[in-house]
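Structure first, then comments.
Protein chains: 2
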Amino acid sequence: MTLTRADCAALDEADPLAAFRDEFVLPEGVIYLVGNSLGAMPRGAAARVARTVEDEWGRELVGGWNTAGWYAQPLTTGDRLAPLIGAGPGQVVVGNSTSIAVFQAVAAALRLRPGRRVIVSDVANFPTDRYVVEGLATLLGGYEIRPFEAPLTDEVAAVLLSEVDYRTGARHDVGQVTARVQAAGALMIWDLCHSVGALPVDVSQADFALGCTYKYLNGGPGAPAFLYVNPRHQAAAENVLTGWYAHAEPFAFEPGFRPADGIRRFAVSTPHVLSFAGLEAALDIWDRVDMQAVRAKSIALTSLFIDLLAPIETLRLATPRDPARRGSQVSFHHADGYPVMRALIDRGVHGDFRAPDILRFGFAPLYLRHVDVFDAAATLTDVLSKDLWRAEKYTHRLPVT
Amino acid sequence: MTLTRADCAALDEADPLAAFRDEFVLPEGVIYLVGNSLGAMPRGAAARVARTVEDEWGRELVGGWNTAGWYAQPLTTGDRLAPLIGAGPGQVVVGNSTSIAVFQAVAAALRLRPGRRVIVSDVANFPTDRYVVEGLATLLGGYEIRPFEAPLTDEVAAVLLSEVDYRTGARHDVGQVTARVQAAGALMIWDLCHSVGALPVDVSQADFALGCTYKYLNGGPGAPAFLYVNPRHQAAAENVLTGWYAHAEPFAFEPGFRPADGIRRFAVSTPHVLSFAGLEAALDIWDRVDMQAVRAKSIALTSLFIDLLAPIETLRLATPRDPARRGSQVSFHHADGYPVMRALIDRGVHGDFRAPDILRFGFAPLYLRHVDVFDAAATLTDVLSKDLWRAEKYTHRLPVT
Chain W
1 MTLTRADCAA LDEADPLAAF RDEFVLPEGV IYLVGNSLGA MPRGAAARVA RTVEDEWGRE
61 LVGGWNTAGW YAQPLTTGDR LAPLIGAGPG QVVVGNSTSI AVFQAVAAAL RLRPGRRVIV
121 SDVANFPTDR YVVEGLATLL GGYEIRPFEA PLTDEVAAVL LSEVDYRTGA RHDVGQVTAR
181 VQAAGALMIW DLCHSVGALP VDVSQADFAL GCTYKYLNGG PGAPAFLYVN PRHQAAAENV
241 LTGWYAHAEP FAFEPGFRPA DGIRRFAVST PHVLSFAGLE AALDIWDRVD MQAVRAKSIA
301 LTSLFIDLLA PIETLRLATP RDPARRGSQV SFHHADGYPV MRALIDRGVH GDFRAPDILR
361 FGFAPLYLRH VDVFDAAATL TDVLSKDLWR AEKYTHRLPV T
Chain D
1001 MTLTRADCAA LDEADPLAAF RDEFVLPEGV IYLVGNSLGA MPRGAAARVA RTVEDEWGRE
1061 LVGGWNTAGW YAQPLTTGDR LAPLIGAGPG QVVVGNSTSI AVFQAVAAAL RLRPGRRVIV
1121 SDVANFPTDR YVVEGLATLL GGYEIRPFEA PLTDEVAAVL LSEVDYRTGA RHDVGQVTAR
1181 VQAAGALMIW DLCHSVGALP VDVSQADFAL GCTYKYLNGG PGAPAFLYVN PRHQAAAENV
1241 LTGWYAHAEP FAFEPGFRPA DGIRRFAVST PHVLSFAGLE AALDIWDRVD MQAVRAKSIA
1301 LTSLFIDLLA PIETLRLATP RDPARRGSQV SFHHADGYPV MRALIDRGVH GDFRAPDILR
1361 FGFAPLYLRH VDVFDAAATL TDVLSKDLWR AEKYTHRLPV T
């Protein structure tokens, strides 16, 4: 039995997360289903960033490294983020980008498994993960990259996987995969870009994990990435990007490199302080969020969207029907996905298109309502059933950017 | 003949750069001689960053990648910065950090000189440069690091040097050193952290160059770094940090890595957009600056400071007396440099201390006046001649941060 709009409104009334919607800025007339690409702006971000610019940089100048806490930021922000991925204090460092964190994690894993010369990196991984692994393998020489389907032989040093597939939204069983990989003597590295903030994450058994903070976490465009290193590896694991921030005493300006103890060993360089400020504004919200409630609402919203669109025959669901097997995302194959998405955006429903034929919708439980999902499905139904996407203004290709 | 304060005021009256001072926010009662560590805030930064947060992120959301130009930012900001280092369009990419840029440049140079197994990295280099080279050599294996004094044999693949020494302010002759290194068949990589924005820089003969933008360029704490790749290397040079931004078609999400043509090959990852906004505000000023005028004023200010302090016997000049051989910085050795600097800062003159005994002062010609230099020298003279630094509150060590 499919829900009516009134049913949806009633669910929104009863939603324990409903109050969070007011903490985000959402443009009038837009249903934003791209929070899995760039999350909406926390209402507090403008003031938080302005404080960093005007009060900290402007007034404290170089003193801000101490007085405003910039120096410690990679670790203090890491500690704030840690609970969102099932990690504890001193296990997460924030900074740089996902690509850099992938490079650090995979390089560290290879050095911990020197006899093994295979890296497993799924084709379902986000491209940057695959590209970075490819670049690292070329740099080091003598390494082979195999897909996830390959047997876990004793040649495998490390497995790098996305918990949630960026195209289909399919979710791995983190506990099961981690156990299987580790049983084969390899190290498990999780990419959490499409799961952190979307569902409760538990990296406590993983060897390394990493992700960005600008999707479901709402940290802002290009907000810094994070890297988790399991405490059992922190003494032995090497950060190959040995910038000054990773040094035991950065301000001693010693001639040679001496790694810091603990997670700071994986810091690289001066934090991008203004970009950190956006993330801090987001964490001001996340500090108060119950991730179990987020997951329950995410499942409700994605299930609703799937159910409402089930009658449309030209949409082929790319996302697992079993809620346990998906993230907070619903994707459909549609042969004309590109013009369909443009027609949809033109009507205020923002999703995105991923070549060759994927319509992708992200569901951010903190600011999306059941009625938004109902309206989005109704608009997509309209666009498809009335062939609205066939208009020339949608079918001509825009320049790629 | 030493100048009087009235002479200094007259020089400020005639200063062609005088109007720029109003474009920066300078705290009341502070003479800021740490612009070589973190430059003062451009007055336009608050509005520029607020625009990026509120108008771009807040209203455009993911659309900002196109409408606000975020996607192209690493190259468009690179092109804006290029003239400041003597480079042309399509030669500079902005993003990440100095440490990452060092890693990219040195790794690329080593791959262009595969038979050579020596990296020259001076001990006078900024520590992060030396640490990163050390980490890279360890990662690759089979490389040896030698100091600048070592002969340039045919084993040397690359030489990494800072144009201006971060401690002493001594400046290399870029043209002469570059020619000598290249004549030996090695590649020349310049670190411009302490020269860009301080003096006219010319990298046109260099193979690679890099630097940060938060010192003399005033881009803000943790503002993105830049990397220059000489056009003659752009087709062959490899970026070993093959993040998605370096791909020929980032949004095609192809399975394998295919490097972009031109300088974009050296982009790595999603730009830190909020941190870029601070740098853009600074470039709004730099676009209008005559670097020859900056150099002339820099020499005048540093010479004045040296002259005014010449009578103080306990200060031993660490910076070359010949203006051509120094950057925009003056350093002195003083056995009790730590308490001396604290006593000075307590009196509103902000410089910094570098272990073991360096008092370091940076001179940012856009916002410092001759009278500021006069007053700073008078305060330092006072602190030393009256033994003000011997007070217990200065001599006890603060915790290192």
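Heads up: the sequence lines are chains W and D, in that order.
When the letters of the first sequence are read in order and numbered with our numbering, they come out as residues 1 to 401.
When the letters of the second sequence are read in order and numbered with our numbering, they come out as residues 1001 to 1401.
Glycine is no exception: its CB is placed at the ideal position from the N, C-alpha and C atoms.
Neighbourhood of V92 (chain W) in chain D, by CB distance below 7 Å: empty, with the nearest CB roughly 18 Å away.
Sequence-distant partners of W1057 (chain D) (beyond 5 residues in either direction) whose C-beta falls short of 7 Å from its own C-beta, in its chain, are G1064. Close to chain W, meaning a Cβ-Cβ distance shorter than 8 Å, are the following residues of the stretch 1323-1353 of chain D: H1350, D1352. Under the three-state reduction of DSSP output, E144 (chain W) falls in the strand class.
Every unbroken stretch of the beta strand (DSSP E) spanning 3 or more residues and falling wholly within the stretch 330-387 of chain W is given here in chain order: 352-354, 358-362. In this structure, the CA atom of S1331 (chain D) is about 37 Å from the CA atom of A223 (chain W). Taken through DSSP and simplified to helix, strand or coil, L1139 (chain D) comes out as helix. With respect to chain D, the C-beta atom of M41 (chain W) has a partner C-beta closer than 8 Å. Looking at the DSSP output, H1247 (chain D) bridges to D:P1259. Listed along chain W, the residues sitting closer than 9 Å to W1070 (chain D) by beta-carbon distance are P221, G222. Straight-line spacing of the CA atoms in A46 (chain W) and A1050 (chain D) works out to 7 Å.
Contact of A1045 (chain D) with chain W is assigned, a C-beta pair being separated by under 8 Å. For D1055 (chain D), the closest C-alpha among the options D:V1273, D:L1388, D:R1316 is that of D:V1273. Annotation for S99 (chain W): the continuous alpha helix (DSSP H) segment containing it runs 98-112. Taking CB atoms only, T1098 (chain D) has a neighbour in chain W less than 8 Å away. Chain W has a Cβ within less than 8 Å of the Cβ of G1278 (chain D). Among the CB atoms of chain D, one or more fall inside 8 Å of the CB of W244 (chain W).
Straight-line spacing of the CA atoms in V1118 (chain D) and L315 (chain W) works out to 59 Å. Taking a Cβ-Cβ cut-off of 9 Å, the neighbours of A50 (chain W) in chain D comprise A1046, V1049, A1050, V1053, given in sequence order. DSSP lists W:L161, W:A209 as the beta-bridge partner residues of W190 (chain W). Beta-bridge partners of S1275 (chain D) (DSSP): none assigned. In the DSSP annotation of this structure, V201 (chain W) is not part of any alpha helix (DSSP H), being labelled neither H nor E.
The alpha-carbon of R1146 (chain D) is positioned some 48 Å away from that of D284 (chain W). Between P1271 (chain D) and G1095 (chain D), the C-beta spacing is below 8 Å.
The stretch 123-133 of chain W makes no contact with the stretch 83-95 of chain W, as fewer than three CB pairs between them are under 8 Å. Collapsing the DSSP output to three states places I1119 (chain D) in a strand. Counting every other CB atom within 10 Å of its CB across the protein chains shown gives D1173 (chain D) a total below 16, marking it as exposed.
The contact set of H1194 (chain D) on chain W, defined by CB atoms closer than 7 Å, is empty, because the minimum CB distance reaches about 14 Å. In this structure, D:D1307 is the residue among D:E1313, D:L1217, D:D1307, D:I1312 with its C-alpha nearest to the C-alpha of P1320 (chain D).
With three or more CB-CB distances shorter than 8 Å, the stretch 1021-1029 of chain D counts as touching the stretch 1362-1372 of chain D. The C-beta of V1123 (chain D) comes closer than 8 Å to at least one C-beta of chain W. Under the three-state reduction of DSSP output, R397 (chain W) falls in the coil class, being neither helix nor strand. Remark: C-beta atoms of Y228 (chain W) and I85 (chain W) approach each other more closely than 8 Å. Against chain D, the beta carbon of R59 (chain W) has neighbours under 7 Å at P1027, listed in chain order. Its chain contains V1371, F1374 as the residues whose beta carbon lies nearer than 7 Å to that of R1005 (chain D), once the 5 sequence neighbours on both sides are disregarded; these appear in chain order.
The Cβ-Cβ distance between H1396 (chain D) and L1359 (chain D) does not fall below 8 Å.
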